[in-house]
Amino acid sequence: MRYRPHLLTRAAGLAALAVALALPAGSAWAQAKPAAQAKPAAAAAAAPAANPVYAQRFAQVCAACHGANGRSDMAGTPVLAGQHSFYAITQLYLFREGRRANEAMSAIAKTMKDDDLRGFSDYIATLPAVPAPAPASPPDAARMAKGEALAKEHRCVMCHGADLSGGQQVPRIGQQREDYLALTLHEYKSGKRPGYTRAMPEAVGPISAADLDTLAYYVARFPAEAPKPAAK
Ligand code: HEC
Ligand code: HEC
């Protein structure tokens, strides 16, 4: 009984997100769908053209850590290029509400109104995916094979898609920074990052710490869809 008000507040917060951001409150949020089945029309409808105000604010505030083109070269800082609007807005919301903990991001998100959450997320969704810089040494074939097997065994591809590009509320993970991937996978396992739903804690629960590192290694080097050289 003591916890009931807290739970209600939390549920009200989630309902508020769905209403304020006009997100479907049903299955798409309660349960991650295979990325391949995500409806592009729905994503397009939710992502209007980027507001130039947020392009400018991104360049002034966010680029210092996340990179001007959205590919961060700062340790522990995720690449945002190629990320989906639905996913980005969810994470900004979680940072703002104190349900995803990171000093820098929480401080930034606390100043955001709902319009800002949407404006930044829509802007992020306009940044085309940027391939990872060429690695210093070629990927270790055995480790890549092990990572691929783990990604199949633990159904990462079921939700994140065969090309790991995600969709809607499921993030693009292919060619994300390895240090960030490892950090965040361990945080899902330890409970430090609860996630918007239980999807990730449940996915990584049975996976050993060593295998999480192998998955991060593999996902960071995953051969994404061939990037257009001109897009650089
Ligand atoms: C001081 C550095 C810094 C600045 C400035 C910054 N971020 Fe971040 N951001 C981070 C870090 C570090 C994380 C990862 C936090 C974690 O590990 O949970 C992050 C995470 C995120 C995420 C979640 C990405 C994911 O893959 O889960 C989003 C979205 C985001 N930032 C957007 C923004 C926006 C928009 C701005 C500007 C308004 C911004 N950030 C400014 C450091 C920064
Ligand atoms: C049932 C669907 C599902 C499965 C299976 C799944 N994921 Fe996820 N994944 C998600 C969703 C949804 C999110 C966003 C969760 C949140 O709000 O934190 C996510 C988030 C992530 C993130 C955070 C990305 C970022 O930018 O912060 C990583 C990394 C990740 N997943 C990797 C994996 C790996 C590796 C596997 C396999 C071991 C896996 N996922 C299995 C649905 C899934």
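In the working numbering, the protein residues as written are 233 to 464. Virtual Cβ for every residue (Gly too), placed ideally from N, Cα, C. Remember, it's a predicted structure, so these values are computed and weren't measured experimentally.
Name the DSSP beta bridge partners of residue i, please?
i    : result
G399 : V402
Which of the three DSSP states is assigned to residue i in this structure?
i    : result
Q323 : helix
L312 : coil
S369 : coil
Y412 : helix
G379 : helix
K473 : Absent from the model: residue 473. The displayed extent of the chain is 233 to 464, so no value can be given.
A333 : coil
Q407 : coil
A431 : helix
P363 : coil
R328 : helix
A357 : helix
K421 : helix
R289 : helix
R350 : helix
D445 : helix
Taking 7 Å as the cut-off, is the beta-carbon of residue i closer than that to any non-hydrogen atom of ligand 1?
i    : result
Q323 : yes
Q288 : no
I211 : Residue 211 is absent from the model: the chain starts at 233 and stops at 464.
V293 : yes
N334 : yes
M337 : yes
G427 : no
C388 : no
L312 : yes
A300 : no
P360 : no
Can we count residue i as close to ligand 2, meaning its CB is less than 7 Å from some heavy atom?
i    : result
L415 : no
H392 : yes
Q407 : no
A435 : yes
M432 : yes
Residue i: buried (16+ other C-beta within 10 angstroms of its C-beta) or exposed?
i    : result
P367 : exposed
M432 : buried
V436 : buried
G423 : exposed
G379 : buried
E419 : buried
V285 : exposed
G330 : exposed
T322 : buried
S317 : buried
K345 : exposed
P403 : buried
P363 : buried
T416 : buried
S440 : exposed
S369 : exposed
A381 : exposed
V451 : buried
Determine, using beta carbons only, whether residue i comes closer than 8 Å to chain C.
i    : result
P360 : In the structure shown, chain C does not exist; there is a single protein chain.
Does the stretch 305-323 come within contact of the stretch 367-382, defined as at least 3 CB pairs closer than 8 Å? no
Contact the stretch 287-307 vs the stretch 355-371: 3+ CB pairs below 8 Å: yes
Within the chosen definition, does the stretch 423-430 reach the stretch 385-393 through at least 3 CB pairs nearer than 8 Å? Contact check between the stretch 423-430 and the stretch 385-393: fewer than three CB pairs, one atom from each, fall below 8 Å, which does not count as touching.
Pairing CB atoms from the stretch 435-447 with CB atoms from the stretch 329-343, are three or more of them under 8 Å? no
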